[in-house]
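Line order of the protein sequences matches chains G and V.
Residue 217 in my numbering sits at position 217 of the first sequence, with consecutive numbering throughout.
Residue 1048 in my numbering sits at position 48 of the second sequence, with consecutive numbering throughout.
Just so it is clear, CB atoms sit at the ideal spot from N, CA and C, and this is done for glycine as well.
Number of protein chains: 2
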Amino acid sequence: MQLHSMWASYPDLEKDLKDVLKTIEKNIQIRDKRVNQNVHSLIHAGGKLLRPAYALLMAEIGPDYERERAVSVAAALEVLHMATLIHDDVVDESPLRRGEPTIHSRYGNHYAVYTGDYLFTVCFKILSKHSDSIQNIEFSSRNIEKILMGELDQMRMRYNLNVTVKEYLSRISGKTAQLFALSCYSGATASKAPRHMAIKAWNIGHYLGMAFQIIDDVLDYTSTDSGLGKPVLNDVLQGVYSLPLIYAMREQKPAFAPLLSKKSEMSDADLNLLLELIEQHQGVEKAFELAQKYTKKAQKEISKLPEGDYKEILERLTNEILTRKI
Amino acid sequence: MQLHSMWASYPDLEKDLKDVLKTIEKNIQIRDKRVNQNVHSLIHAGGKLLRPAYALLMAEIGPDYERERAVSVAAALEVLHMATLIHDDVVDESPLRRGEPTIHSRYGNHYAVYTGDYLFTVCFKILSKHSDSIQNIEFSSRNIEKILMGELDQMRMRYNLNVTVKEYLSRISGKTAQLFALSCYSGATASKAPRHMAIKAWNIGHYLGMAFQIIDDVLDYTSTDSGLGKPVLNDVLQGVYSLPLIYAMREQKPAFAPLLSKKSEMSDADLNLLLELIEQHQGVEKAFELAQKYTKKAQKEISKLPEGDYKEILERLTNEILTRKI
C-alpha cells in the first residue's frame, strides 16, 4: 500500500493512515467489479489524506484515545471527501482525477452519481458504527448538509462577475473549511475531548481549510498541467471565479468582462490575456497573503494545544502543506 | 396543503401525512431560491407518500407510540425517496417527474446531483435527531447502502438480453422492496416494537415493495402517457428490461434481439412490435400474476399483526394500491 510520499517523514501517522485506507477498503464493496475496481483505485491514487490525518492528530487531544475509533472516524471523513470528489467530477465534467480517468468519464454519469451516493452512505455507516452518541451523528449530518449547501452556493455564483471577496470566503468556508473543521472536531470528539477543546479543534480546522482552499485556488492560476495533474484554469472555464481573479477584477472589471463573457469558449490567447491582467493587478500575491493570514491563525491556535508529540507533528505538517510553492 | 386524492378516505393517516410534509418542509432549506422552490414543489407535487404511510401505520404496532417520532421517521424515509428520485432523473435523463420539469432538466445536472446529496444528508439528520439508538442509524445506513447497490446493479444489467427473472427480482428487491421494508421496519422500531415484530414489519414491507415495483414495471408497458404522467416504455428505451419483457423473451428471444439491439433508437413501429410480441407471450399477465403472489404474502403477514384500527387501514390501503388497474 503506497501513500503519498509526503507521509514518509511522519512514520507513525503514515502507519495510522495505512489503516485508514484498510478500513475504507473493507467498507467499500461494490458488486460491479469494474466500478469497485475504479473506486479502489481512487482510494490508492495518491490522494493526500489530509482530512483523515488531521482527524487522527486531533484524536490525541482527548482523554480517551482509542486507536480503532480514531482510525474509523478518519476513514469516514475520507470516504465523505471521496463521495464529494466523484460528484464534483460529474458536475465539472472533469476527465481526470489524480491522474486517472474519472468514474463518470469512464462509465458514465449513471455510475458516478450512484457510486457517490453509495459512498455518502458508507460514511454514515462507519460514523454510526463508531460514534458513541446520536448527538455526534446529528452534528456530523448537520455539517455535511452545510458542505453540500456550499456546493450549491458555488453553482449559483458561477459566471457571476460581481462575486465579492466576502462571497468567495463564505463559499469556501461552507465547502472546504467545513470539511476540515468537521475532521478536526470529529477527531477530537472521538477521544472524548471536552467541548471547549473540540471547539478549538473545529476552529483550527476551519482556518486550515480556508488557507488550504485559497492556496489550491491560487494554484489553478499558477501551476502547469504536468505539475498538478489537472487542467489549469479549469475553474475559470467552469465559471468558478476564485480569489486571484476576484481581487484583480476589483481593480479593473471592464477589462475582464469581454474575456469572461466567452465563458468556456475562451481561447488560449484569451486565457493568456486573463493571466496577464491578473498578474498586473497582483491577484495571486494578494490571494496568497490572505492564505497566509489564515495559516497564521491556525498556527496560533495549534500552539495553544496541550503539549505532546502529536503537537509537533501538527505544527510541522501544517507548515509543510500551507507553504506550498506557488 | 394538498395530498394525493387517495388519502381523502383515510382521514387520520391524511392528517399524519400532512405533518410528514410539514416536517420535510421545515428540514429542507436551500439558499438558492429557485432550487429551493423546485424541491418544495416536488414535495407537494402529489407523490403518493406510500413509504411514510406504511412507516406511520407500522409505528402503531410497538408499545411506545410517540406521534412526533413516528412522523419524523416517516419524513426521513420520504426525503430519502426524494433524493433517489432526483438522482434517478439525472441518470435516466427524464424530463418530467410527477408532471413537473425535473431539477436536472431545468437547472442542469449540477444542481440535481448536489440537491440529491443534500437530501440524503437531510435524511440522516432527521433520523439521528429522532432515533434513540446508534444501532438504528447503523441499521438504516446499511440498508440505504443496499438500496444504492441495487441502483448500481440495475445499471450493470442494462441492455442485457439475458437478464433472468431471478436477477430481476434480486434487483427490485435491493431497490424498491428494500426501501419499503426499511420504512415498515423503521416505523415499528420508532414505537419500540420488539425485535420479532420489527422483523415481521420488515417482511411485510419487502412483499409490498416487490408487488408494488412489479406493478409499476407492468404499467410501463400498459399505460398511456397521459394516465401516468411519464413517457411509456421509458424503461425499455433506457435498457432497463423488466418482468413483462423478461417473461416474453424467455419464450422467443430471437424475435426480440433485433428490436432491442437498436437500444434508445427504437422507432414507434419497433415499440409497437415489441408490445405485440409481449402480448403474444402474455408477458404482462405473467408479471401481474407474480405481483399478486407477493400481494397475497403481504396480506397474509398483515393479517397476523395485533388487532387495532391501524390494521384495518393497513389492509384496505394494501388492497387499494396493489390492485391498481393494469
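C-alpha of residue 201 of chain G to C-alpha of residue 183 of chain G: approximately 9 Å in a straight line. In this structure residue 1247 of chain V does not touch residue 1209 of chain V by the C-beta definition: roughly 20 Å separates them, more than the 8 Å allowed. When 7 Å is used as the limit between beta carbons, residue 110 of chain G is near these residues of chain V: 1091, 1155, in chain order.
In the three-state reduction of the DSSP assignment, residue 1171 of chain V falls in the helix class. For residue 1302 of chain V, the CB contacts under 8 Å within the same chain, skipping 5 residues up- and downstream, are 1204, 1311, 1314, 1315, 1318 in chain order. In the three-state reduction of the DSSP assignment, residue 182 of chain G falls in the helix class. With fewer than 16 other Cβ atoms from the protein chains shown falling within 10 Å of its own Cβ, residue 2 of chain G counts as exposed.
Residue 1245 of chain V sits buried, since 16 or more C-beta atoms from the chains shown fall within 10 Å of its C-beta.
Rounded to whole angstroms, the Cβ separation of residue 112 of chain G and residue 86 of chain G is 6 Å, and the two are in contact under 8 Å. Distance check between residue 1152 of chain V and each of G:291, G:256, G:30, G:194 places G:30 closest, using alpha-carbon atoms only. Leaving aside the five residues that flank residue 1120 of chain V on each side, the residues in its chain whose CB is nearer than 6 Å to its CB run, in chain order, 1083. Closest in alpha carbon position to residue 1281 of chain V, among V:1251, V:1261, V:1295, is V:1251.
Within chain V, the residues placing a beta-carbon under 9 Å from that of residue 35 of chain G are 1152, 1155, 1156, ordered along the chain.
Measuring C-alpha to C-alpha distances from residue 1145 of chain V to each of G:181, G:295, G:254, G:117 identifies G:117 as the nearest. Residue 242 of chain G and residue 168 of chain G have their C-alpha atoms roughly 7 Å apart. In its chain, beyond the 5 residues on either side, no residue has a beta carbon closer than 8 Å to the beta carbon of residue 1166 of chain V. Residue-level contact by beta carbon holds for residue 148 of chain G and chain V, with a gap shorter than 8 Å. As the crow flies, the alpha-carbon of residue 59 of chain G is around 20 Å from that of residue 141 of chain G. In this chain, the alpha helix (DSSP H) harbouring residue 199 of chain G covers 195-222.
Residue 1127 of chain V places its beta carbon less than 8 Å from that of residue 1137 of chain V. Look at the segment 167-179 of chain G: it has no residue with a C-beta under 9 Å from a C-beta of chain V. Against chain G, the CB of residue 1246 of chain V has no partner CB under 8 Å away; the residue lies outside that interface. Near chain G, meaning a CB-to-CB distance below 8 Å, the residues of the segment 1111-1124 of chain V are 1111, 1113, 1114, 1115, 1116, 1117, 1118, 1120, 1121, 1122, 1124. In the three-state scheme derived from DSSP, where H, G and I count as helix and E and B as strand, residue 52 of chain G is classed as helix.
If you look at residue 282 of chain G, you'll find it isn't in any alpha helix (DSSP H); DSSP assigns it neither H nor E. Restricting attention to beta strand (DSSP E) runs no shorter than 3 residues, the segment 1084-1148 of chain V encloses none.
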